[in-house]
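**Q** Please see the structure below; I have some questions.
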Amino acid sequence: MKVEAFKLDKKTGRYFANELPFYVRPYYLVPDNYNTNPVNPSYATVPAAAGAWSAEVKIRSIPGGAFEGAYLTMYYYNFPDGTEDFLVSIRDINRSINITGRPCHVRTVFSQVVAPWPEYRYPPVVLPESIFLNEKEGLGIRFQRIIAGDEENVQPIIHGQMMFFRKVINNDIDEYIRRRILRARQMMPYFCPLDEDPVVPAGSEVEVWFTQDLMCHFDVRKLAYFATSDGVALGFKFRIVDEYGQELTNNWIRSVAGLGSAPRPSHTTGPWCIRAGGKVKFIIRNLDPTYDLTVYLTLIGRQFFT
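Have a look at this one:
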């Protein structure tokens, strides 16, 4: 909801204070997780074992407030040995809708602030469609460890605004909440990786498919990736063939030029709609002659339901 701090009286030409900012405030939403982590209730605990899932933590709007989230960040409570990489799964609890179509690499969804090194900060991830949570509605978030490491505490944070509609009778707020409730039934943010996270052998190429869920169409707006290897790999290049067999690149594109990270993604120049059930092919070639490369590639946009 766009809120102006001041309004202009067209008759007198004078500005006066708008009352809405007193009831629509910037707001930070974090987990409320007393049952599974009573010591740090606003954190999720990622297990140490490879492949292990964390307990689901819930992020809920407050009673008497409707929350609209626009940005995502994450804080690492521990960062002991550099094995912080894991997958994340997010769902809308009340609407039973997945915001991540499949588990995504955390670096393609959240931007990170690592303790105790605040200089390792990145801009927040801007959602292509805001997350709307009416009072007491919430999200469920789980994390899966990729490789074994120490137990990790992380704090996912949603930045947005809270509309305290119980404290004021205001037609603008009430009407906006009604419209956002209807929109959230038809359209939500969406993060979805490839059907598998490919391991590309040194100096080789693989073909990997992206298959869209049958329940919704996908309006892709951004591309983000993260890649790992056993050494300092030279990266990769890629080509894309859409669901109609049309190639979307006229030659190989270097990953560092055509893709991005979660806080600094590569933006599409216009809507790229993948219909429900559509399949897109990615051809990925490892440029390093020595090291294999594991590629985590996530398409980011909004889902609209059929």
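Numbered continuously in this note's numbering, the sequence shown closes out at residue 314. Every residue gets a Cβ at the ideal spot worked out from N, C-alpha and C, and that includes glycine.
Can you grab the Cα-Cα spacing for the pair residue 37 / residue 166, in whole Å?
**A** The residue labelled residue 37 in the question sits at position 29 within the sequence shown. The residue labelled residue 166 in the question sits at position 158 within the sequence shown. The straight-line gap from Cα to Cα measures roughly 5 Å.
**Q** Report the rounded CA-to-CA distance for residue 291 versus residue 157, giving the unit in angstroms.
**A** Numbered from its first residue, the sequence shown carries residue 291 at position 283. Numbered from its first residue, the sequence shown carries residue 157 at position 149. Approximately 31 Å, taken between the alpha carbons.
**Q** Note down, one range per segment and in chain order, each beta strand (DSSP E) of at least 3 residues found wholly within the stretch 183-256.
**A** The qualifying runs are 195-201, 213-219, 224-237, 244-249.
**Q** Quickly, what does DSSP pair residue 153 with across the bridge? List them, please.
**A** The residue labelled residue 153 in the question sits at position 145 within the sequence shown. 94, per the DSSP bridge assignment.
**Q** Kindly indicate which three-state DSSP category residue 118 falls into: helix, strand or coil?
**A** Taking the first residue of the sequence shown as 1, we reach residue 118 at position 110. Here residue 118 sits in coil by DSSP.
**Q** Does the beta carbon of residue 297 fall short of 6 Å from some heavy atom of the ligand HEM?
**A** This structure lacks the ligand HEM, and indeed carries no ligand of any kind.
**Q** Thinking C-alpha only, which one of 144, 178, 95 is nearest residue 204?
**A** Along the sequence shown, read from residue 1 onward, the residue named residue 204 stands at position 196. It is 95.
**Q** Alpha carbon to alpha carbon, how far is residue 283 from residue 11? Give it in angstroms, no decimals.
**A** One-based indexing of the sequence shown puts residue 11 at position 3. One-based indexing of the sequence shown puts residue 283 at position 275. Residue 11 and residue 283: Cα-Cα distance of roughly 35 Å.
**Q** Beta strand (DSSP E) containing residue 62: first to last residue?
**A** Along the sequence shown, read from residue 1 onward, the residue named residue 62 stands at position 54. Taken as a continuous stretch (DSSP letters only), residue 62 belongs to no beta strand (DSSP E), as it is neither H nor E.
**Q** Identify whether residue 69 lies in helix, strand or coil by the three-state DSSP scheme.
**A** Taking the first residue of the sequence shown as 1, we reach residue 69 at position 61. If DSSP states are grouped into helix, strand and coil, residue 69 belongs with coil.
**Q** From residue 143 to residue 102, what distance separates their C-alpha atoms?
**A** Counting from 1 along the sequence shown, the entry for residue 143 is found at position 135. Counting from 1 along the sequence shown, the entry for residue 102 is found at position 94. Computed Cα separation, rounded: 11 Å.
**Q** Indicate the three-state DSSP secondary structure (helix, strand or coil) for residue 263 in the structure shown.
**A** As a working mapping, residue 263 is identified with position 255 in the sequence shown. Helix at residue 263.
**Q** Pull up the distance between the alpha-carbon of residue 216 and that of residue 289, whole angstroms please.
**A** Numbered from its first residue, the sequence shown carries residue 216 at position 208. Numbered from its first residue, the sequence shown carries residue 289 at position 281. Approximately 6 Å between the Cα atoms of the pair.
**Q** Which same chain residues end up closer than 8 Å to residue 281 when comparing Cβ atoms and leaving out the 5 residues on each side of it in sequence?
**A** By 1-based counting over the sequence shown, the position of residue 281 is 273. Cβ neighbours of residue 281 beyond the five flanking positions: 225, 226, 227, 228.
**Q** Mind checking who residue 4 pairs with in its DSSP beta bridge?
**A** With the chain running from 9 to 314 in the structure shown, residue 4 is simply not present.
**Q** Per the contact definition of three or more C-beta pairs closer than 8 Å, is the stretch 75-83 in contact with the stretch 166-175?
**A** Touching, yes.
**Q** By Cβ distance below 6 Å, which residues in the same chain neighbour residue 29 in space, the five residues on each side in sequence not counted?
**A** Mapped onto the sequence shown, residue 29 falls at position 21. Same-chain partners within the cutoff: 11, 13.
**Q** Should residue 149 go down as buried or exposed, given a rule of 16 or more other Cβ atoms within 10 Å for buried?
**A** For the purposes of this step, residue 149 is identified with residue 141 of the sequence shown, where counting begins at 1. Buried, because 16 or more other Cβ atoms sit within 10 Å of the Cβ of residue 149.
**Q** Select from 63, 275, 159 the residue whose C-alpha is nearest the C-alpha of residue 133.
**A** Sequence index remark: in the sequence shown, residue 133 carries index 125 (1-based). Of the listed residues, the one whose Cα sits closest to residue 133 is 275.
**Q** With H, G and I counted as helix, E and B as strand and the rest as coil, what does DSSP make of residue 175?
**A** Reading the sequence shown from its first residue, position 167 is the one you call residue 175. Of the three classes helix, strand and coil, the one that applies to residue 175 here is helix, per DSSP.
**Q** Considering only residues of the same chain and omitting the five flanking positions on each side of residue 208, which have a CB-CB separation below 7 Å?
**A** In the sequence shown, the residue the question calls residue 208 occupies position 200. The answer, listed in chain order, is 214, 244, 292, 294, 300, 301, 303.
**Q** Going by DSSP, what residue range makes up the beta strand (DSSP E) through residue 143?
**A** On the sequence shown, position 135 is the one that residue 143 refers to. Taken as a continuous stretch (DSSP letters only), residue 143 belongs to no beta strand (DSSP E), as it is neither H nor E.
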